[in-house]
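Numbering-wise (this note's numbering), the sequence shown opens with residue 4 and increments by one.
For glycine and all other residues, C-beta sits at the position ideal for the given N, C-alpha and C.
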Amino acid sequence: MESDLKVLLVEDDPTVAEMYRYRLEIDGYHVTVATDGESGLEQAAHVQPDLIYLDLRLPEMDGFTVLEKLRADDSLKAIPVVILTNYSEPELVERGLKLGALDYLVKAETTPAHLSERMDKWMAEETISSRGEAGLPK
């Protein structure tokens, strides 16, 4: 599948980032990787991705702060954000969704193939447009 969709992956572990990036690129997505929260915000503004995968534990700025800043910025607030983290505590899931995350995925339960399947699902639901227009969940 060839796609014009741009994905920003904010992940500080280079092995994990490469694993997910590789699979998404094989499936036709254009992937940018940021290794900390601050550069994640900078890349979001620069790239204007169609979807952001966001880890919670990051150097410089944690994922919740990144999400809050994305939602407070008029030029970035409509970009769907999926939290992709090692933490599965219910209060963290609830906080992420309340802050406006589209979904909350736990890395131990999320293979690279699963990420691509979820992308297909969100595109089918028009949460992410294949024309490159990002939008919040309906």
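Bounds of the beta strand (DSSP E) holding residue 35 are 33-37. Distance from the Cα of residue 41 is smallest, within the candidate group 12, 107, 121, for 12. Excluding five sequence positions before and after residue 66, the CB atoms of its chain that fall closer than 6 Å to its own CB belong to 57, 58, 59, given in chain order.
Under the 10 Å beta carbon count, residue 38 is surrounded by 16 or more other beta carbons and is classified as buried. The criterion of a C-beta distance shorter than 8 Å is satisfied by residue 87 and residue 113. Annotation for residue 43: 13, 37, 69 place their beta carbon closer than 6 Å to its own, counting only its chain and skipping 5 residues before and after.
The straight-line gap separating the alpha-carbon atoms of residue 127 and residue 121 is approximately 10 Å. The DSSP-derived three-state label of residue 80 is coil. In the DSSP annotation of this structure, residue 55 is not part of any alpha helix (DSSP H); the continuous beta strand (DSSP E) holding it starts and ends at 54-57. Taking all protein chains shown into account, residue 75 has fewer than 16 neighbouring C-beta atoms within 10 Å of its C-beta and is therefore exposed. Each residue's CA atom was taken as its position, placing residue 108 and residue 83 some 14 Å apart. Shown here for residue 47: same chain residues with a beta carbon closer than 7 Å to its own, the five before and five after excluded, namely 11, 55, 73, 79, 82 in chain order. Residue environment for residue 105: buried (at least 16 other C-beta atoms within 10 angstroms of its C-beta). In this structure, the straight-line span from the alpha carbon of residue 64 to that of residue 102 is close to 16 Å.
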